[in-house]
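Numbering (the working numbering), first residue to last: 126 to 347.
Ideal Cβ positions, reconstructed from N, Cα and C, are used throughout, including at glycine.
Written out below as C-alpha cells is the structure these notes cover.
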C-alpha cells in the first residue's frame with residue numbers, strides 16, 4: 126500500500142497544488158489528511174479542499190483549528206471522515222481521532238486530556254492499525270521552535286498500550302519527520318512549514334518505508 130500523508134493545509138490553495146503534484150507522480154492508494162484543513166474556518170472550505178485533491182480515496186480527521194462544523198463538510202465531500210471511526214482500505218485498518226489537547230490559542234476543536242483519554246478508550250486500535258490523529262503523542266515529533274514538547278499525554282499513553290504499527294499525525298508544523306519506538310513507526314506529516322509531502326509505502330509484512338518530497342520540484346528531500 127502507498128499512502129500520501131499530509132496535515133495542516135490551513136486553507137492554502139498552494140498546498141493543495143503541491144499535494145496534487147505529488148499524487149500525479151506517486152499514484153497513492155489513499156491520501157490521509159491528519160487535520161487542520163482550515164484556520165478557524167470557513168467550515169465549508171474543508172469540502173472544497175478535499176474535493177480539489179485528485180485522489181479517489183481520501184481519509185480525514187479534523188484538526189484543532191477546524192470548527193466542529195467541518196465534520197459535516199467532510200461528510201458532504203468525496204472524503205471519508207475517520208474521526209472516532211474505523212475504515213478498511215486494502216485490508217489495512219485505519220482508525221482516527223481529530224482535534225488536540227488544550228492550547229494557548231483557544232482553537233475550536235480542543236479537548237482536556239481526560240476527555241481525550243475517555244474518547245480513545247472507545248476506539249478499536251491494535252497492533253494491526255494505522256492510527257491517524259491530529260495531535261502527536263507527547264514526546265514524539267512534537268517539539269516546537271521554542272524546544273518544548275506539546276503533544277498529547279493521553280495519546281502517548283494510548284499508543285504505548287495499544288501499539289499501532291503506524292501512527293500518522295501533524296499539528297506541530299516544525300516537527301516533521303519519522304521516529305521509530307518499540308516496533309512502532311511515528312510520522313509527522315505536516316505540510317504547514319516545509320511544504321513536504323510524506324510518501325509511506327507498506328508491504329505485506331507491514332514493513333514501512335517513508336520519504337518526504339517537495340511537490341514544487343518533485344525531488345526527494347528526506
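Status (buried if at least 16 other CB within 10 Å, exposed otherwise) for residue 193: Taking the chain shown and counting its residues from 1, one reaches residue 193 at position 68. Here residue 193 is exposed, its C-beta having fewer than 16 other C-beta atoms within 10 Å.
At 3 residues or longer, what runs of the beta strand (DSSP E) sit wholly inside the region 165–215? Annotation: the region 165–215 contains the following complete segments of the beta strand (DSSP E) (minimum length 3 residues), in chain order: 183–186, 211–214.
For residue 127, three-class secondary structure by DSSP: In the chain shown, counting from the first residue as 1, residue 127 sits at position 2. If DSSP states are grouped into helix, strand and coil, residue 127 belongs with the strands.
As assigned by DSSP and simplified to three states, the class of residue 140: To locate residue 140, count along the chain shown from 1; it is residue 15. Three-state result, residue 140: helix.
May I have the straight-line CA-CA distance separating residue 239 from residue 216, to the nearest angstrom? On the chain shown, residue 239 is found 114 positions in, with the first residue counted as 1. On the chain shown, residue 216 is found 91 positions in, with the first residue counted as 1. Here the alpha carbons of residue 216 and residue 239 stand approximately 32 Å from one another.
Helix, strand or coil: which one does DSSP assign to residue 331? Within the chain shown, residue 331 is the residue found at index 206, counting from 1. Here residue 331 sits in coil by DSSP.
Buried or exposed: residue 291, going by 16 or more other Cβ atoms within 10 Å of its Cβ? The residue given as residue 291 occupies position 166 in the chain shown. By the neighbour-count rule (16 or more Cβ atoms within 10 Å), residue 291 is buried.
Complete beta strand (DSSP E) runs within the region 233–311 (minimum length 3 residues, chain order): Runs found: 254–258, 291–294, 302–306.
Going by other Cβ atoms of all chains shown within 10 Å of its Cβ, with 16 needed for buried, is residue 135 buried or exposed? The sequence position of residue 135 within the chain shown is 10, counting from 1. Here residue 135 is buried. Its C-beta has 16 or more other C-beta atoms within 10 Å.
Going by other Cβ atoms of all chains shown within 10 Å of its Cβ, with 16 needed for buried, is residue 338 buried or exposed? Locating residue 338 in the chain shown gives position 213, counting from the first residue. So residue 338 ends up on the buried side.
Contact check, residue 311 vs residue 289, beta carbons under 7 Å: Within the chain shown, numbered from 1, the residue matching residue 311 stands at position 186. Within the chain shown, numbered from 1, the residue matching residue 289 stands at position 164. Between residue 311 and residue 289, the C-beta spacing is not below 7 Å.
Return the Cβ separation of residue 144 and residue 157 in integer angstroms, given the expectation that the two are a contact with Cβ distance under 8 Å. Locating residue 144 in the chain shown gives position 19, where the first residue counts as 1. Locating residue 157 in the chain shown gives position 32, where the first residue counts as 1. That belief does not hold up - the Cβ atoms of residue 144 and residue 157 are roughly 11 Å apart, past 8 Å.
Proximal residues to residue 327 (C-beta, below 6 Å), its chain only, five neighbours per side dropped: Numbered from 1 along the chain shown, position 202 holds the residue referred to as residue 327. Cβ neighbours of residue 327 within its own chain (closer than 6 Å, five residues either side excluded): 126, 333.
How many Å lie between residue 264 and residue 242 at the Cα? Counting from 1 along the chain shown, the entry for residue 264 is found at position 139. Counting from 1 along the chain shown, the entry for residue 242 is found at position 117. The alpha-carbon atoms of residue 264 and residue 242 are separated by roughly 17 Å.
Residue closest to residue 244, alpha-carbon to alpha-carbon, out of 309, 204, 225, 298: As a first step, residue 244 is located in the chain shown; it is residue number 119 there, counting from the start. Comparing Cα positions, the closest option is 225.
Use the C-beta contact count for residue 140: other C-beta atoms within 10 angstroms, 16 or more gives buried, fewer gives exposed. Walking along the chain shown from the start, residue 140 turns up at place 15. Residue 140 should be labelled buried.
Less than 7 Å between the beta carbons of residue 195 and residue 152, yes or no? Here the question's residue 195 lines up with position 70 in the chain shown. Here the question's residue 152 lines up with position 27 in the chain shown. Not closer than 7 Å, so no.
Using alpha carbons as the reference points, say which of 213, 308, 205 lies closest to residue 160. Stepping through the chain shown from its first residue, residue 160 is reached at position 35. Answer by Cα proximity: 205.
Going by beta carbon distance, what residues of the same chain come within less than 7 Å of residue 177, once the five residues before and after it are set aside? Sequence index remark: in the chain shown, residue 177 carries index 52 (1-based). Excluding residues within five positions, the ones whose Cβ falls inside 7 Å are 141.
So what does DSSP say about residue 149, is it helix, strand or coil? For the purposes of this step, residue 149 is taken as residue 24 along the chain shown, with counting starting at 1. DSSP places residue 149 in helix when its eight states are reduced to three.
For residue 318, which option in 295, 150, 129 has the closest C-alpha, if you only look at C-alpha atoms? Residue numbering aside, residue 318 sits at position 193 when the chain shown is read from its first letter. Taking only the C-alpha atoms, the option nearest residue 318 is 295.
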